[in-house]
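Just so you know, we're using our numbering here: the sequence shown kicks off at 1 and counts up by one.
Quick reminder that beta carbons are idealized off the backbone N, C-alpha and C, glycines included.
Keep in mind that this is a model prediction, so the values were computed, not measured.
Let me begin by presenting the structure, written as C-alpha coordinates, before commenting on it.
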Amino acid sequence: MDADLAAPGRADQLLDAANRAAEVVAADGDRIEREGRLTDRVVAAIEDAQLFRLFLPRSVGGPEADPVSALLAVEAISRADGSAGWCAQVSSANSWQLATLAPDTVLDMLGAGADSRRFSGSARPLGRAVPVPGGYLVSGRWDFASNSAHAGWYCGACISEEDGRRRVRAAFFPTSDARIIDTWDVTGLRGTASNDVEVSDLFVPAERVSAGRHLRAQPGALYNQRLLMVSNWALTAGVALGISAGAIDAFVFLAGEGTANTVDVALRDRPSVQGAVGRASALVGAARAYCLDAIGSAWESARAGDTGNGLDRPVREARLAITHAMHSAVQVVDLLFHAAGTRSIFARHQLERRFRDAHVAVQHGAGLPSHFEAGGRLALGLPAGAPFW
(Lines of atoms letter the chains of each structure in order from A and count residues from 1; the text may use other names and numbers.)
(Lines give C-alpha, C1' and ligand atoms only; values in the text may rest on other atoms or scores of the structure.)
Protein backbone atom coordinates (compact mmCIF):
# COMPACT_ATOMS: atom_id res chain seq x y z
CA MET A 1 0.00 0.00 0.00
CA ASP A 2 2.82 2.44 0.80
CA ALA A 3 4.10 2.58 -2.78
CA ASP A 4 0.63 3.18 -4.20
CA LEU A 5 -0.31 5.90 -1.77
CA ALA A 6 3.02 7.66 -2.14
CA ALA A 7 2.53 8.07 -5.88
CA PRO A 8 1.34 11.45 -7.20
CA GLY A 9 -2.37 11.79 -7.94
CA ARG A 10 -3.50 9.11 -5.50
CA ALA A 11 -5.51 11.36 -3.18
CA ASP A 12 -8.60 9.25 -3.85
CA GLN A 13 -6.78 6.15 -2.62
CA LEU A 14 -5.67 8.00 0.50
CA LEU A 15 -9.25 8.97 1.32
CA ASP A 16 -10.52 5.44 0.58
CA ALA A 17 -7.92 4.07 2.99
CA ALA A 18 -8.99 6.62 5.61
CA ASN A 19 -12.64 5.64 5.24
CA ARG A 20 -11.76 1.97 5.73
CA ALA A 21 -9.75 2.82 8.84
CA ALA A 22 -12.66 4.92 10.13
CA GLU A 23 -14.85 1.81 10.28
CA VAL A 24 -12.40 0.21 12.71
CA VAL A 25 -12.11 3.45 14.68
CA ALA A 26 -15.89 3.79 15.05
CA ALA A 27 -16.20 0.26 16.41
CA ASP A 28 -13.61 0.95 19.14
CA GLY A 29 -14.65 4.49 20.09
CA ASP A 30 -16.05 3.60 23.50
CA ARG A 31 -12.95 1.61 24.40
CA ILE A 32 -10.65 4.44 23.29
CA GLU A 33 -12.55 6.82 25.56
CA ARG A 34 -12.50 4.39 28.48
CA GLU A 35 -8.83 3.40 28.24
CA GLY A 36 -7.42 6.83 27.40
CA ARG A 37 -5.51 5.60 24.36
CA LEU A 38 -6.11 4.09 20.94
CA THR A 39 -6.63 0.36 20.70
CA ASP A 40 -3.99 -1.76 18.99
CA ARG A 41 -6.23 -2.50 16.02
CA VAL A 42 -7.09 1.19 15.59
CA VAL A 43 -3.37 2.03 15.61
CA ALA A 44 -2.80 -0.66 12.99
CA ALA A 45 -5.66 0.59 10.80
CA ILE A 46 -4.53 4.22 10.93
CA GLU A 47 -0.93 3.23 10.27
CA ASP A 48 -1.92 1.06 7.30
CA ALA A 49 -3.75 4.08 5.86
CA GLN A 50 -0.58 6.19 6.35
CA LEU A 51 -2.46 8.69 8.47
CA PHE A 52 0.28 8.92 11.09
CA ARG A 53 2.70 10.27 8.46
CA LEU A 54 0.71 12.23 5.91
CA PHE A 55 3.44 14.85 5.49
CA LEU A 56 6.41 12.50 5.38
CA PRO A 57 8.45 13.36 2.24
CA ARG A 58 7.91 11.19 -0.80
CA SER A 59 11.70 10.88 -1.13
CA VAL A 60 11.73 8.61 1.94
CA GLY A 61 8.61 6.64 1.06
CA GLY A 62 6.01 8.93 2.60
CA PRO A 63 2.73 10.05 1.01
CA GLU A 64 3.68 13.77 1.04
CA ALA A 65 -0.05 14.46 0.86
CA ASP A 66 -1.28 17.89 -0.17
CA PRO A 67 -3.05 19.82 2.64
CA VAL A 68 -6.55 19.37 1.21
CA SER A 69 -6.23 15.61 0.80
CA ALA A 70 -4.71 15.39 4.27
CA LEU A 71 -7.59 17.40 5.75
CA LEU A 72 -10.16 15.10 4.16
CA ALA A 73 -8.39 11.97 5.41
CA VAL A 74 -8.14 13.26 8.99
CA GLU A 75 -11.75 14.45 8.82
CA ALA A 76 -12.89 10.93 7.97
CA ILE A 77 -11.14 9.46 11.03
CA SER A 78 -12.33 12.27 13.31
CA ARG A 79 -15.93 11.77 12.26
CA ALA A 80 -15.62 8.29 13.73
CA ASP A 81 -13.71 9.39 16.85
CA GLY A 82 -12.11 12.73 17.72
CA SER A 83 -9.23 11.26 19.72
CA ALA A 84 -8.17 8.96 16.88
CA GLY A 85 -8.28 11.87 14.42
CA TRP A 86 -6.29 14.05 16.81
CA CYS A 87 -3.54 11.44 17.16
CA ALA A 88 -3.35 11.13 13.37
CA GLN A 89 -3.10 14.89 12.85
CA VAL A 90 -0.45 15.44 15.54
CA SER A 91 1.68 12.59 14.26
CA SER A 92 1.36 13.78 10.66
CA ALA A 93 2.20 17.38 11.59
CA ASN A 94 5.37 16.14 13.24
CA SER A 95 6.18 14.00 10.21
CA TRP A 96 6.54 17.31 8.33
CA GLN A 97 9.53 18.09 10.56
CA LEU A 98 11.38 15.09 9.13
CA ALA A 99 11.87 17.21 6.01
CA THR A 100 14.43 19.16 8.07
CA LEU A 101 16.68 16.08 8.35
CA ALA A 102 18.85 14.34 5.75
CA PRO A 103 16.98 11.58 3.85
CA ASP A 104 19.47 8.89 4.92
CA THR A 105 18.91 9.81 8.56
CA VAL A 106 15.14 9.65 8.12
CA LEU A 107 15.32 6.24 6.47
CA ASP A 108 17.38 4.94 9.38
CA MET A 109 14.83 6.34 11.82
CA LEU A 110 11.88 4.81 9.99
CA GLY A 111 13.45 1.37 10.24
CA ALA A 112 14.12 1.59 13.98
CA GLY A 113 11.11 -0.44 15.12
CA ALA A 114 7.43 -1.24 14.78
CA ASP A 115 6.42 2.22 16.05
CA SER A 116 9.08 4.16 14.13
CA ARG A 117 6.60 5.70 11.68
CA ARG A 118 4.44 7.22 14.40
CA PHE A 119 5.28 10.58 15.96
CA SER A 120 4.55 12.98 18.77
CA GLY A 121 6.01 16.39 19.45
CA SER A 122 5.67 20.03 20.32
CA ALA A 123 6.56 23.14 18.32
CA ARG A 124 6.79 25.21 21.50
CA PRO A 125 10.46 25.56 22.46
CA LEU A 126 10.23 24.24 26.01
CA GLY A 127 13.54 22.41 25.80
CA ARG A 128 17.20 23.37 25.84
CA ALA A 129 19.77 21.94 23.42
CA VAL A 130 23.39 22.41 24.41
CA PRO A 131 25.91 21.84 21.57
CA VAL A 132 28.48 19.13 22.31
CA PRO A 133 30.80 17.20 20.00
CA GLY A 134 28.68 15.19 17.58
CA GLY A 135 25.34 16.59 18.63
CA TYR A 136 23.41 18.16 21.49
CA LEU A 137 22.52 17.49 25.11
CA VAL A 138 18.76 17.99 25.26
CA SER A 139 16.77 18.73 28.40
CA GLY A 140 13.17 19.79 28.75
CA ARG A 141 9.61 18.95 29.63
CA TRP A 142 6.94 19.32 26.97
CA ASP A 143 3.24 19.08 27.72
CA PHE A 144 0.35 18.10 25.44
CA ALA A 145 2.34 15.25 23.86
CA SER A 146 -0.58 13.81 21.91
CA ASN A 147 -0.09 10.28 20.58
CA SER A 148 2.60 9.67 23.22
CA ALA A 149 1.23 6.19 23.90
CA HIS A 150 1.88 5.07 20.32
CA ALA A 151 4.76 7.18 18.96
CA GLY A 152 8.23 5.82 18.41
CA TRP A 153 9.75 9.29 18.00
CA TYR A 154 9.27 12.57 19.81
CA CYS A 155 10.09 15.90 18.15
CA GLY A 156 10.88 18.47 20.82
CA ALA A 157 11.48 22.13 20.01
CA CYS A 158 14.48 23.51 21.89
CA ILE A 159 16.34 26.74 22.32
CA SER A 160 20.02 26.44 21.46
CA GLU A 161 22.76 29.03 21.99
CA GLU A 162 25.13 28.79 19.01
CA ASP A 163 27.70 31.27 17.72
CA GLY A 164 26.27 33.94 19.98
CA ARG A 165 22.75 33.45 18.60
CA ARG A 166 19.61 31.89 20.01
CA ARG A 167 18.14 29.35 17.62
CA VAL A 168 15.09 27.11 17.74
CA ARG A 169 16.00 23.52 16.92
CA ALA A 170 13.70 20.52 16.55
CA ALA A 171 15.34 17.46 18.13
CA PHE A 172 14.11 13.95 17.39
CA PHE A 173 14.64 11.28 20.03
CA PRO A 174 13.03 7.88 20.72
CA THR A 175 10.10 8.12 23.11
CA SER A 176 11.65 5.15 24.89
CA ASP A 177 14.51 7.48 25.92
CA ALA A 178 12.08 9.87 27.59
CA ARG A 179 10.00 9.85 30.73
CA ILE A 180 6.28 9.89 29.90
CA ILE A 181 4.42 11.60 32.76
CA ASP A 182 0.74 10.73 33.02
CA THR A 183 -0.98 14.11 33.24
CA TRP A 184 -3.90 13.56 30.85
CA ASP A 185 -6.96 13.75 33.13
CA VAL A 186 -9.18 15.98 31.03
CA THR A 187 -12.64 16.83 29.75
CA GLY A 188 -12.41 15.81 26.10
CA LEU A 189 -10.14 14.09 23.58
CA ARG A 190 -9.45 11.64 26.38
CA GLY A 191 -8.03 8.97 24.10
CA THR A 192 -5.13 11.06 22.80
CA ALA A 193 -2.75 10.29 25.70
CA SER A 194 -1.52 13.89 25.52
CA ASN A 195 0.81 13.47 28.46
CA ASP A 196 4.04 15.28 29.35
CA VAL A 197 7.39 14.16 27.93
CA GLU A 198 10.62 14.85 29.82
CA VAL A 199 14.32 14.29 29.14
CA SER A 200 17.43 15.43 31.00
CA ASP A 201 20.83 15.79 29.32
CA LEU A 202 19.86 13.31 26.62
CA PHE A 203 22.44 13.10 23.83
CA VAL A 204 20.83 13.63 20.42
CA PRO A 205 23.11 13.20 17.40
CA ALA A 206 23.44 16.28 15.22
CA GLU A 207 21.88 14.44 12.27
CA ARG A 208 18.62 14.14 14.21
CA VAL A 209 18.37 17.87 14.88
CA SER A 210 16.65 20.12 12.34
CA ALA A 211 18.73 22.03 9.80
CA GLY A 212 17.41 24.57 7.33
CA ARG A 213 19.64 23.28 4.50
CA HIS A 214 17.71 20.01 4.38
CA LEU A 215 14.37 21.77 4.26
CA ARG A 216 15.57 24.04 1.45
CA ALA A 217 16.60 20.95 -0.52
CA GLN A 218 13.03 19.57 -0.48
CA PRO A 219 11.49 19.95 -3.94
CA GLY A 220 7.82 19.79 -2.92
CA ALA A 221 5.57 22.81 -2.31
CA LEU A 222 4.46 21.18 0.94
CA TYR A 223 7.74 22.27 2.55
CA ASN A 224 7.38 25.95 1.66
CA GLN A 225 7.80 27.50 5.12
CA ARG A 226 5.26 30.21 4.33
CA LEU A 227 2.70 27.42 4.13
CA LEU A 228 3.74 25.78 7.41
CA MET A 229 0.74 26.78 9.52
CA VAL A 230 -1.65 26.32 6.62
CA SER A 231 -0.53 22.75 6.00
CA ASN A 232 -0.16 21.63 9.61
CA TRP A 233 -3.25 23.34 10.92
CA ALA A 234 -5.34 22.16 7.98
CA LEU A 235 -5.17 18.84 9.81
CA THR A 236 -6.51 20.47 12.98
CA ALA A 237 -9.40 21.90 10.98
CA GLY A 238 -10.01 18.40 9.64
CA VAL A 239 -10.39 17.13 13.20
CA ALA A 240 -12.87 19.90 14.08
CA LEU A 241 -14.93 19.35 10.94
CA GLY A 242 -14.96 15.60 11.53
CA ILE A 243 -16.07 15.99 15.14
CA SER A 244 -18.92 18.30 14.14
CA ALA A 245 -20.06 15.94 11.37
CA GLY A 246 -19.88 13.08 13.87
CA ALA A 247 -22.03 15.10 16.26
CA ILE A 248 -24.74 15.37 13.59
CA ASP A 249 -24.47 11.61 13.01
CA ALA A 250 -24.87 10.97 16.74
CA PHE A 251 -27.83 13.34 16.97
CA VAL A 252 -29.64 11.66 14.10
CA PHE A 253 -29.17 8.32 15.87
CA LEU A 254 -30.86 9.49 19.06
CA ALA A 255 -33.49 11.70 17.39
CA GLY A 256 -36.15 8.98 17.51
CA GLU A 257 -36.31 9.30 21.29
CA GLY A 258 -38.38 11.73 23.31
CA THR A 259 -37.24 13.90 26.22
CA ALA A 260 -38.35 13.86 29.82
CA ASN A 261 -40.89 16.66 29.58
CA THR A 262 -42.73 15.57 26.38
CA VAL A 263 -42.03 11.89 25.85
CA ASP A 264 -44.87 11.56 23.37
CA VAL A 265 -43.12 13.70 20.73
CA ALA A 266 -39.91 12.35 19.23
CA LEU A 267 -37.06 14.79 18.86
CA ARG A 268 -37.02 14.43 15.10
CA ASP A 269 -40.67 15.52 14.88
CA ARG A 270 -40.16 18.87 16.62
CA PRO A 271 -39.77 21.97 14.45
CA SER A 272 -37.29 23.52 16.87
CA VAL A 273 -35.10 20.42 16.67
CA GLN A 274 -35.39 20.26 12.90
CA GLY A 275 -34.29 23.88 12.74
CA ALA A 276 -31.30 23.20 14.98
CA VAL A 277 -30.18 20.31 12.78
CA GLY A 278 -30.61 22.47 9.69
CA ARG A 279 -28.50 25.25 11.17
CA ALA A 280 -25.88 22.77 12.34
CA SER A 281 -25.65 21.21 8.89
CA ALA A 282 -25.32 24.64 7.29
CA LEU A 283 -22.56 25.62 9.74
CA VAL A 284 -20.57 22.48 8.99
CA GLY A 285 -21.08 22.82 5.26
CA ALA A 286 -20.10 26.48 5.15
CA ALA A 287 -17.01 26.03 7.32
CA ARG A 288 -15.94 23.00 5.32
CA ALA A 289 -16.40 24.76 1.97
CA TYR A 290 -14.41 27.77 3.17
CA CYS A 291 -11.57 25.50 4.32
CA LEU A 292 -11.42 23.45 1.15
CA ASP A 293 -11.52 26.53 -1.07
CA ALA A 294 -9.07 28.68 0.91
CA ILE A 295 -6.57 25.93 1.70
CA GLY A 296 -6.81 24.67 -1.86
CA SER A 297 -6.10 28.15 -3.22
CA ALA A 298 -3.06 28.58 -0.95
CA TRP A 299 -1.77 25.17 -2.03
CA GLU A 300 -2.19 25.92 -5.72
CA SER A 301 -0.45 29.27 -5.31
CA ALA A 302 2.50 27.57 -3.63
CA ARG A 303 2.64 24.88 -6.29
CA ALA A 304 2.65 27.55 -8.99
CA GLY A 305 5.77 29.01 -7.41
CA ASP A 306 4.18 32.11 -5.91
CA THR A 307 6.32 33.72 -3.24
CA GLY A 308 6.21 36.85 -1.12
CA ASN A 309 3.19 39.02 -1.83
CA GLY A 310 1.69 36.40 -4.11
CA LEU A 311 0.94 34.22 -1.11
CA ASP A 312 -0.32 36.99 1.16
CA ARG A 313 -4.04 36.74 0.44
CA PRO A 314 -4.22 32.93 -0.01
CA VAL A 315 -2.38 32.34 3.28
CA ARG A 316 -4.55 34.88 5.09
CA GLU A 317 -7.76 33.27 3.89
CA ALA A 318 -6.54 29.76 4.69
CA ARG A 319 -5.47 30.73 8.20
CA LEU A 320 -8.84 32.38 8.84
CA ALA A 321 -10.74 29.40 7.42
CA ILE A 322 -8.93 27.00 9.76
CA THR A 323 -9.73 28.99 12.89
CA HIS A 324 -13.29 29.56 11.69
CA ALA A 325 -13.78 25.81 11.23
CA MET A 326 -12.73 25.11 14.81
CA HIS A 327 -15.10 27.69 16.25
CA SER A 328 -17.90 26.54 13.95
CA ALA A 329 -17.49 23.01 15.32
CA VAL A 330 -18.16 24.34 18.81
CA GLN A 331 -21.27 26.15 17.58
CA VAL A 332 -22.51 22.91 16.01
CA VAL A 333 -22.07 20.75 19.09
CA ASP A 334 -23.62 23.44 21.30
CA LEU A 335 -26.69 23.66 19.06
CA LEU A 336 -27.19 19.91 19.03
CA PHE A 337 -26.39 19.38 22.70
CA HIS A 338 -29.13 21.80 23.72
CA ALA A 339 -31.58 20.55 21.08
CA ALA A 340 -31.31 17.02 22.45
CA GLY A 341 -32.39 18.10 25.90
CA THR A 342 -31.64 15.71 28.74
CA ARG A 343 -30.74 12.91 26.31
CA SER A 344 -27.51 14.72 25.44
CA ILE A 345 -26.00 14.30 28.91
CA PHE A 346 -25.82 10.50 28.79
CA ALA A 347 -22.50 8.93 27.83
CA ARG A 348 -24.33 6.17 25.95
CA HIS A 349 -25.32 8.82 23.40
CA GLN A 350 -22.09 9.78 21.62
CA LEU A 351 -23.23 13.35 21.15
CA GLU A 352 -21.93 14.02 24.68
CA ARG A 353 -18.42 12.92 23.67
CA ARG A 354 -18.44 15.08 20.56
CA PHE A 355 -19.51 18.04 22.68
CA ARG A 356 -16.52 17.60 25.00
CA ASP A 357 -14.08 16.84 22.20
CA ALA A 358 -14.96 19.95 20.19
CA HIS A 359 -14.60 22.21 23.22
CA VAL A 360 -11.15 20.78 23.97
CA ALA A 361 -9.99 20.87 20.33
CA VAL A 362 -10.72 24.59 19.99
CA GLN A 363 -8.31 25.28 22.85
CA HIS A 364 -5.45 24.33 20.51
CA GLY A 365 -3.24 27.10 19.17
CA ALA A 366 -4.95 26.85 15.78
CA GLY A 367 -8.21 27.97 17.41
CA LEU A 368 -6.92 31.07 19.17
CA PRO A 369 -9.24 34.08 18.67
CA SER A 370 -6.11 36.18 18.09
CA HIS A 371 -5.92 34.64 14.61
CA PHE A 372 -9.10 36.50 13.69
CA GLU A 373 -7.43 39.67 14.91
CA ALA A 374 -4.31 39.01 12.80
CA GLY A 375 -6.43 38.34 9.72
CA GLY A 376 -8.45 41.47 10.41
CA ARG A 377 -5.32 43.59 10.72
CA LEU A 378 -4.10 42.35 7.35
CA ALA A 379 -7.47 43.10 5.77
CA LEU A 380 -7.18 46.62 7.13
CA GLY A 381 -3.76 47.08 5.60
CA LEU A 382 -1.87 46.67 8.87
CA PRO A 383 0.88 44.18 9.78
CA ALA A 384 -0.40 40.84 11.06
CA GLY A 385 1.69 41.07 14.22
CA ALA A 386 2.00 37.28 14.24
CA PRO A 387 4.22 34.71 12.47
CA PHE A 388 3.46 32.67 9.33
CA TRP A 389 0.94 35.09 7.85
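Handout entry: Residue range of the unbroken beta strand (DSSP E) whose run includes Trp299
Key = Looking at the DSSP string, Trp299 is not in any beta strand (DSSP E); the run it does join, the alpha helix (DSSP H), is 271 to 303.
Handout entry: Outcome for Asn147 when other beta-carbon atoms lying within 10 angstroms are tallied against a minimum of 16
Key = buried
Problem - At least 3 beta-carbon pairs within less than 8 Å: the stretch 138 to 155 vs the stretch 190 to 205 - result: With contact defined as three or more Cβ pairs closer than 8 Å, the stretch 138 to 155 and the stretch 190 to 205 are in contact.
Practice task
Report yes if the C-beta distance between Ile281 and Arg354 is below 9 Å; otherwise report no.
Solution key: Reading off the sequence shown, one finds Ser at residue 281, where the question assumed Ile. It is not a contact, given that the beta carbons lie outside the stated cut-off.
Problem - Ordered list of alpha helix (DSSP H) runs contained in the stretch 56 to 143, each at least 4 residues - result: Qualifying alpha helix (DSSP H) stretches, in chain order: 67 to 80, 82 to 96, 103 to 110.
Problem - From Trp96, His349, Ala84, residue whose alpha carbon lies closest to that of Asp66 - result: Trp96
Problem - Beta-carbon proximity of Ala374 to Arg313, cut-off 9 Å - result: The Cβ atoms of Ala374 and Arg313 do not sit closer than 9 Å to each other.
Exercise for the section: Inspect the beta-carbon positions of Ala70 and Ala49 and report whether they are closer than 9 Å. Expected result: no
Exercise for the section: Over the uninterrupted alpha helix (DSSP H) stretch that includes Leu215, give me the two end residues. Expected result: 212 to 216
Practice task
Give me whichever residues DSSP pairs with Ile322 in a beta bridge.
Solution key: For Ile322, which the question treats as bridged, DSSP gives no partner whatsoever.
Practice task
Compute the Euclidean distance between the alpha carbons of Leu98 and Ala112, then round it to the nearest angstrom.
Solution key: 15 Å
Problem - Extent of the continuous alpha helix (DSSP H) to which Arg208 belongs - result: No alpha helix (DSSP H) holds Arg208; DSSP gives it neither H nor E.
Exercise for the section: Assign Val333 to one of three DSSP states: helix, strand, or coil. Expected result: helix
Handout entry: Simplified DSSP assignment, three categories, for Arg169
Key = strand
Exercise for the section: Could you tell me the boundaries of the alpha helix (DSSP H) in which Trp233 lies? Expected result: That run of the alpha helix (DSSP H) goes 228 to 254.
Practice task
Report, in whole angstroms, the separation of the C-beta atoms of Ser92 and Phe55, which I expect to be a contact under 8 Å.
Solution key: Indeed they touch by this definition, with Cβ atoms about 5 Å apart.
Problem - Sequence-distant residues of its chain with Cβ nearer than 6 Å to Val186 (five each side left out) - result: none
Problem - Straight-line Cα distance separating Leu283 from Ser328 - result: 6 Å
Problem - Minimum C-alpha distance to Trp389 - residue among Gln274, Leu241, Leu228, Val239 - result: Leu228
Handout entry: Which of helix, strand or coil DSSP assigns to Val362
Key = coil
Practice task
Taking 8 Å as the threshold, find out whether the stretch 115 to 124 comes into contact with the stretch 148 to 159 through three or more Cβ pairs.
Solution key: yes
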